[in-house]
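Worksheet for the structure shown next.
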Amino acid sequence: MEGSGEIIGSVLRRWYALAALAVVTGIGGALAWVSRDQVNPDGVAYVSVARHYGSLELRAAVNGYWSPLLSWLLTPFTWLPVEPLHAARLIALVLVLIVVVVVLRLGAPGVTTRLSEWTMFAFASVLGVSLAYWATGLVTPDFLAGVVFVLALVALGRHLQSPSRTTAIRLGVCLALLYFAKSPGLFVGLAMLGVVAARDLRADGRRRLDRTTLVAGAAFLAPVIAWVALISVKYHRLTISTASQYNWRLAGPGPPTHPSLLPGYHPPVNSGDVWVWDDPSWLELPRWSATDHVTYFATHVVSGINSGLTSLTTSSLLLVIGMFAGLTVTLPRAWRGVRAALIAGGVVLVFAHAITIMEPRYLWMVGVPLLAAPVLLIRFAPATRGLLGILAFAAVQLIASLILLFTITVPQQRVEQGGLRTMARDSRAVVPPGSRVAGPQGSTYAYCYFAGMSCVATYVLSGDPATDAAAISDMRAHDVRYYVSFNNEGPTPELPVVFQEVAPGRSCYNAALGHGVPCNEPPLVIYDLAPGPA
Numbered sequence: 281m282e283g284s285g286e287i288i289g290s291v292l293r294r295w296y297a298l299a300a301l302a303v304v305t306g307i308g309g310a311l312a313w314v315s316r317d318q319v320n321p322d323g324v325a326y327v328s329v330a331r332h333y334g335s336l337e338l339r340a341a342v343n344g345y346w347s348p349l350l351s352w353l354l355t356p357f358t359w360l361p362v363e364p365l366h367a368a369r370l371i372a373l374v375l376v377l378i379v380v381v382v383v384l385r386l387g388a389p390g391v392t393t394r395l396s397e398w399t400m401f402a403f404a405s406v407l408g409v410s411l412a413y414w415a416t417g418l419v420t421p422d423f424l425a426g427v428v429f430v431l432a433l434v435a436l437g438r439h440l441q442s443p444s445r446t447t448a449i450r451l452g453v454c455l456a457l458l459y460f461a462k463s464p465g466l467f468v469g470l471a472m473l474g475v476v477a478a479r480d481l482r483a484d485g486r487r488r489l490d491r492t493t494l495v496a497g498a499a500f501l502a503p504v505i506a507w508v509a510l511i512s513v514k515y516h517r518l519t520i521s522t523a524s525q526y527n528w529r530l531a532g533p534g535p536p537t538h539p540s541l542l543p544g545y546h547p548p549v550n551s552g553d554v555w556v557w558d559d560p561s562w563l564e565l566p567r568w569s570a571t572d573h574v575t576y577f578a579t580h581v582v583s584g585i586n587s588g589l590t591s592l593t594t595s596s597l598l599l600v601i602g603m604f605a606g607l608t609v610t611l612p613r614a615w616r617g618v619r620a621a622l623i624a625g626g627v628v629l630v631f632a633h634a635i636t637i638m639e640p641r642y643l644w645m646v647g648v649p650l651l652a653a654p655v656l657l658i659r660f661a662p663a664t665r666g667l668l669g670i671l672a673f674a675a676v677q678l679i680a681s682l683i684l685l686f687t688i689t690v691p692q693q694r695v696e697q698g699g700l701r702t703m704a705r706d707s708r709a710v711v712p713p714g715s716r717v718a719g720p721q722g723s724t725y726a727y728c729y730f731a732g733m734s735c736v737a738t739y740v741l742s743g744d745p746a747t748d749a750a751a752i753s754d755m756r757a758h759d760v761r762y763y764v765s766f767n768n769e770g771p772t773p774e775l776p777v778v779f780q781e782v783a784p785g786r787s788c789y790n791a792a793l794g795h796g797v798p799c800n801e802p803p804l805v806i807y808d809l810a811p812g813p814a
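Once you know that position 30 of the sequence shown is 310 in my numbering, the rest is easy, because the numbers rise by one and skip nothing.
Here it is as structure tokens:
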């Protein structure tokens, strides 16, 4: 059985593999550089939690947010002169390269001709670039969870094939990492462990669990139970994660009721004045219910199915090309249609999400394992027509990726984040770092990240004098000093303006036109909430 070093060595001996890795590293690195200043709430949360670990503020660091594993990976970078958001994209690019290496290794036995070499090069390159486009954009744990899920599947297969104490420990560790990569992974891990237990109970009529299964269960459940105990003690209720409840209150379903303050955030007493994204799970929430997590997990599955159906209906050209490649597989006639459908569906499902603006995050449980589907064509049926089909598919994907990148992604990110760092720096002259700030959900968290402010809550002013007055009063009651508005979001409150700026050369992205247009309003306005004279 090959180790990781042998796998990498066997891949690096082939020219097409080296070329594909070079393409993915170069273009993926460029994509990461383009997205380097793109800030999302999740990313700020993971970086902030990592900083708590780095400074040993464990009361704030240990929390029920989605992915402690991502924060653990970012923690070493908080001790180095490296921007943690950039480090997160570096980690994502490394994960992409790991997937590409595995795909190249899986397809290697079928690469026997010059055409198959070029096919594998094209497919691996487009696969890596597409994944890099997804993984290096927003800082989220979804791709990390997908890669860990694949590792867990491999560990499960090896353990079922030849169970031993070593394979059991590997399986248990992978299942635990799956939970730490993203909290719904606990249910996937329990299901995999159930598969192993069911095999034991049905084998030779023993009706008992094998010792190796007990070892796998211990390696899986021991760290999980320890973590669940820590966060349950912290929140005074049994919970495996509070992030799902938090995000439902923040982002949906439907718009939050006005005024949309997220109340009840109480920072740890020994960690200073941290804001809501430092540890979002500190929000006051209803008592834990088992159905909360089941509903959240089911939401991932349903959203993945809906997104997959959407991608299939909007990617008819890719579907036709994928089916053409799949139908050339030399398999028994009884299986040909089923295999072709699986291959075509898997190819279109994964790639359509990897290169389009649709949300790919819900596919982490099913998307990454399907990436190897075209490799099966190369490995087991290197027919000329099938290889040409994959080449055509890769060409279409590459063209679509480049069009999307240079017409939508780069201009939009330049508009949204290009001048934000400059404006945040300029505003420090009138708004001291550490000031308590509130604002609409929008770009407030990104501004606070760059400016070093303490964003304590999210408010949306509606224009109704009564509710806006109540919201402003509530902000003052929470010692919020400044209200931040971007691109004239919402009505202009009757408050003193202490700062406003249009970034040099900045334009506002117009979704209808698909490009930037001159801004008619200052993109950043900061209002002073200090009460006026009585």
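Built from N, CA and C at the ideal position, the CB exists for glycine as well.
None of the values given here were measured: they were computed from a predicted structure.
Exercise. For E363, which of helix, strand or coil comes out of DSSP?
Worked result: If you number the sequence shown from 1, residue 363 lands on position 83. Of the three classes helix, strand and coil, the one that applies to E363 here is coil, per DSSP.
For this session: Could you work out which residue in R479, N343 and G309 is closest to E416 when comparing CA atoms only?
Result: As a position in the sequence shown, residue 416 is number 136, starting the count at 1. Here residue 416 turns out to be Thr, not Glu, going by the sequence shown. Answer by Cα proximity: G309.
Problem set entry | Alpha carbon of A704 to alpha carbon of I806, nearest angstrom | Within the sequence shown, the letter at position 424 stands for residue 704. Within the sequence shown, the letter at position 526 stands for residue 806. Cα-Cα distance, rounded: 11 Å.
For this session: Give the range of the alpha helix (DSSP H) segment to which V304 is assigned.
Result: In the sequence shown, the residue the question calls residue 304 occupies position 24. Counting along the chain, the alpha helix (DSSP H) containing V304 begins and ends at W295 to V314.
Problem set entry | Backbone CA spacing between V381 and L301 [nearest angstrom] | In the sequence shown, the residue the question calls residue 381 occupies position 101. In the sequence shown, the residue the question calls residue 301 occupies position 21. Distance between the alpha carbons of V381 and L301: 8 Å.
Exercise. DSSP three-state call for N550: helix, strand or coil?
Worked result: Translated into the one-based positions of the sequence shown, residue 550 becomes position 270. For N550, the pLDDT reaches just 27, beneath the cut-off of 50, and the residue's location in the model is therefore unreliable, although a value from the coordinates is still provided. In this structure, N550 counts as coil in the three-state DSSP scheme.
Exercise. So G426 is in the alpha helix (DSSP H); what residue range does that whole segment cover?
Worked result: Here residue 426 corresponds to residue number 146 of the sequence shown, with the count starting at 1. G426 -> alpha helix (DSSP H) spans D422 to Q441.
Exercise. Under the three-state reduction of DSSP, which class applies to R517: helix, strand or coil?
Worked result: To locate residue 517, count along the sequence shown from 1; it is residue 237. Note: R517 maps to coil in three-state DSSP.
Exercise. Using the rule of at least 16 other Cβ atoms within 10 Å of the residue's Cβ for burial, across every protein chain shown, is P566 buried or exposed?
Worked result: Position 286 of the sequence shown, counted from the start, is the residue given in the question as residue 566. No answer about P566 holds up, because its pLDDT of 46 lies below 50 and its placement is not dependable.
Problem set entry | Burial state of L457, where buried means 16 or more other Cβ atoms lie within 10 Å | Counting from one through the sequence shown, the residue named residue 457 turns up at place 177. Looking at its Cβ environment, which holds 16 or more other Cβ atoms inside 10 Å, L457 is buried.
For this session: Note down, in chain order, each residue of its chain lying with its Cβ closer than 6 Å to the Cβ of S290, except the 5 sequence neighbours on either side.
Result: Within the sequence shown, residue 290 is the residue found at index 10, counting from 1. Excluding sequence neighbours, S290 sits near nothing in its chain.
Exercise. For A810, does the three-state DSSP call read helix, strand or coil?
Worked result: Locating residue 810 in the sequence shown gives position 530, where the first residue counts as 1. Residue state, collapsed to three classes: coil.
For this session: Identify every residue that forms a DSSP beta bridge with V805.
Result: Residue 805 sits at position 525 when you count from the first residue of the sequence shown. In the DSSP output, where bridge partners are listed per residue, V805 has S765 and Q780.
Exercise. Mapping DSSP to helix, strand and coil, what is V342?
Worked result: For the purposes of this step, residue 342 is taken as residue 62 along the sequence shown, with counting starting at 1. In the structure shown, V342 sits in coil (DSSP, three-state: anything other than H, G, I, E or B).
Exercise. At which residues does the alpha helix (DSSP H) containing R708 begin and terminate?
Worked result: Numbered from 1 along the sequence shown, position 428 holds the residue referred to as residue 708. Unbroken run through R708: none, as it is neither H nor E.
Exercise. Which same chain residues, not among the five before or five after A312, have their C-beta less than 6 Å away from its C-beta?
Worked result: What you label residue 312 is simply residue 32 of the sequence shown in a count that begins at 1. Closer than 6 Å at Cβ, skipping near neighbours: R369, L373 and T416.
Exercise. From this set, I449, A425 and A709, which residue's C-alpha is nearest A731's C-alpha?
Worked result: Position 451 of the sequence shown, counting from 1, holds the residue named residue 731. Comparing Cα positions, the closest option is A709.
Exercise. With L360 and V419 assumed to form a contact (beta carbons below 8 Å), what rounded beta-carbon distance in angstroms separates them?
Worked result: The residue labelled residue 360 in the question sits at position 80 within the sequence shown. The residue labelled residue 419 in the question sits at position 139 within the sequence shown. 17 Å between Cβ atoms; not a contact.
For this session: Return the chain-ordered list of same chain residues with a C-beta closer than 7 Å to the C-beta of T358, the five sequence neighbours on each side being excluded.
Result: Along the sequence shown, read from residue 1 onward, the residue named residue 358 stands at position 78. Excluding residues within five positions, the ones whose Cβ falls inside 7 Å are A330, R331, G334 and P364.
Problem set entry | Beta-carbon contacts of I520 that lie in its chain and below 7 Å, excluding the five residues immediately before and after | Locating residue 520 in the sequence shown gives position 240, where the first residue counts as 1. If we look at I520 and ignore the five residues flanking it on each side, its Cβ neighbours are S463, L466, V508 and H573.
Problem set entry | Buried/exposed call for T399, threshold 16 Cβ in 10 Å | By one-based count along the sequence shown, residue 399 stands at place 119. Buried: at least 16 other Cβ atoms inside 10 Å.
Problem set entry | Residue span of the beta strand (DSSP E) that contains V717, given as start and end | As a working mapping, residue 717 is identified with position 437 in the sequence shown. V717 -> beta strand (DSSP E) spans R716 to G719.
Exercise. Hey, how far is the Cα of A425 from the Cα of A461?
Worked result: Along the sequence shown, one-based indexing puts residue 425 at 145. Along the sequence shown, one-based indexing puts residue 461 at 181. Answer to the nearest angstrom: the Cα atoms are 5 Å apart.
Exercise. Is the number of C-beta pairs between the stretch 486 to 500 and the stretch 441 to 448 that are closer than 8 Å three or more?
Worked result: yes
For this session: Give a yes or no on whether the C-beta atoms belonging to S405 and V304 are separated by under 8 Å.
Result: Start at 1 with the first residue of the sequence shown, and residue 405 comes out as number 125. Start at 1 with the first residue of the sequence shown, and residue 304 comes out as number 24. Yes; because the gap between Cβ atoms is below 8 Å, this pair is in contact.
Problem set entry | For M703, the three-state DSSP class (helix, strand or coil) | As a position in the sequence shown, residue 703 is number 423, starting the count at 1. M703: helix per DSSP, three-state reduction.
Problem set entry | Candidates L375, P348, D808 and P712: closest to M733 by CA position | Indexing the sequence shown from 1 puts residue 733 at position 453. Checked all of L375, P348, D808 and P712; the closest Cα to M733 is P712.
Exercise. What is the DSSP secondary structure of H332, counted as helix, strand or coil?
Worked result: Within the sequence shown, residue 332 is the residue found at index 52, counting from 1. Reduced to three states, the DSSP call for H332 is helix.
Exercise. Out of curiosity, what's the CA-to-CA distance linking G387 and L436?
Worked result: By one-based count along the sequence shown, residue 387 stands at place 107. By one-based count along the sequence shown, residue 436 stands at place 156. Going from the Cα of G387 to the Cα of L436 covers about 21 Å.
For this session: Taking only the alpha-carbon atoms, compute the straight-line gap between L298 and V475 and give it to the nearest angstrom.
Result: Residue mapping note: residue 298 aligns to position 18 of the sequence shown, counting from 1. Residue mapping note: residue 475 aligns to position 195 of the sequence shown, counting from 1. The alpha-carbon atoms of L298 and V475 are separated by roughly 38 Å.
For this session: Note down, in chain order, each residue of its chain lying with its Cβ closer than 8 Å to the Cβ of Q780, except the 5 sequence neighbours on either side.
Result: What you label residue 780 is simply residue 500 of the sequence shown in a count that begins at 1. Excluding residues within five positions, the ones whose Cβ falls inside 8 Å are P802, L804, V805 and I806.
Exercise. Just to confirm, are L407 and V383 a CB contact at a threshold of 8 Å?
Worked result: Reading the sequence shown from its first residue, position 127 is the one you call residue 407. Reading the sequence shown from its first residue, position 103 is the one you call residue 383. Yes, they are a contact pair.
Problem set entry | E337 - DSSP class collapsed to helix/strand/coil | In the sequence shown, counting from the first residue as 1, residue 337 sits at position 57. Of the three classes helix, strand and coil, the one that applies to E337 here is coil, per DSSP.
Exercise. What span of residues does the alpha helix (DSSP H) with P745 cover, start to end?
Worked result: Counting from 1 along the sequence shown, the entry for residue 745 is found at position 465. P745 -> alpha helix (DSSP H) spans P745 to A757.
Exercise. So what's S512 in DSSP terms, helix, strand or just coil?
Worked result: Sequence index remark: in the sequence shown, residue 512 carries index 232 (1-based). Helix at S512.
For this session: Use the C-beta contact count for T355: other C-beta atoms within 10 angstroms, 16 or more gives buried, fewer gives exposed.
Result: As a first step, residue 355 is located in the sequence shown; it is residue number 75 there, counting from the start. By the neighbour-count rule (16 or more Cβ atoms within 10 Å), T355 is buried.
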